[in-house]
Amino acid sequence: MKKKNQPFETRAHDLTGHASLDMYNDFSSLATQITGYNADRFDPVALKIFSEKGSLIITLYARDKEKAKSKNLPRKKFPVKKFKMQMSWDDFIRHVKNFDVVVSGGDYDISGMVVENK
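Just add 255 to wherever you are in the sequence shown, counting from 1, and you've got this note's numbering.
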């Protein structure tokens, strides 16, 4: 299955782009560290990592299994609950095997870059 580009907040940012993250365990192991998350009721969907002035805020978006059955939503839509908590970088990075971020100012389509000094 071909992956689509995921939506990303681009408003009010100098640089935007794409990120990838590999974990030592699975996504659920980090999700269980988030306050209020219940693995029996929710499936982790997405993770937002926000840092400002040394503070790290992790936001987990999780599919609500119970509401998914009862909601009458448009096709390809599903209900999620947002779980948000402050976490130390040390606590967060213990779950992360590697983290890769590429951002640009948007003046150029970076898919057209040819790196010449490999």
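No residue lacks a Cβ here, since even glycine has one placed at the ideal position from N, Cα and C.
Nothing here was measured: the structure is a model prediction, and the numbers come from that model.
Run through the segment 266-352 for me and flag every whole alpha helix (DSSP H) of 4 or more residues, listed as ranges in chain order. Qualifying alpha helix (DSSP H) stretches, in chain order: 282-286, 320-325 and 344-348.
task = Identify, in the order they occur along the chain, each residue of the same chain with its Cβ nearer than 8 Å to the Cβ of residue 215, setting aside the five sequence neighbours on each side.
result = This structure cannot speak to residue 215, because the chain is shown only from 256 to 373.
### Where residue 313 falls, given that 16 or more other Cβ within 10 Å makes a residue buried
buried
Checklist entry - Using the beta-carbon count (16 or more within 10 Å), is residue 257 buried or exposed? => result Here residue 257 scores only 49 on pLDDT, less than 50, and its place in the model is too uncertain to base an answer on.
Next item on the list: State the CB to CB distance for the pair residue 315 and residue 347, rounded to an integer number of angstroms; the pair is presumed to be in contact (CB under 8 Å).
Entry: At roughly 12 Å, the Cβ-Cβ gap does not stay under 8 Å, so residue 315 and residue 347 are not in contact.
- Message: Do residue 311 and residue 278 count as a contact pair if the criterion is CB distance below 9 Å?
- Response: Not a contact, by the Cβ cut-off of 9 Å.
| message | Please report the distance separating the alpha-carbon of residue 292 from that of residue 370. | response | 43 Å
Nearest-angstrom beta carbon gap, residue 319 and residue 334 [assumed within contact, 8 Å] = Sure, about 5 Å apart at Cβ, within 8 Å.
Leaving aside the five residues before and after residue 298 along the sequence, list all residues of the same chain whose C-beta is less than 8 Å from its C-beta, in chain order.
317, 318 and 320
- Task: Please say whether residue 350 and residue 270 have beta carbons closer to each other than 9 Å?
- Result: no
Measuring CB to CB, does residue 290 end up less than 9 Å from residue 368?
no
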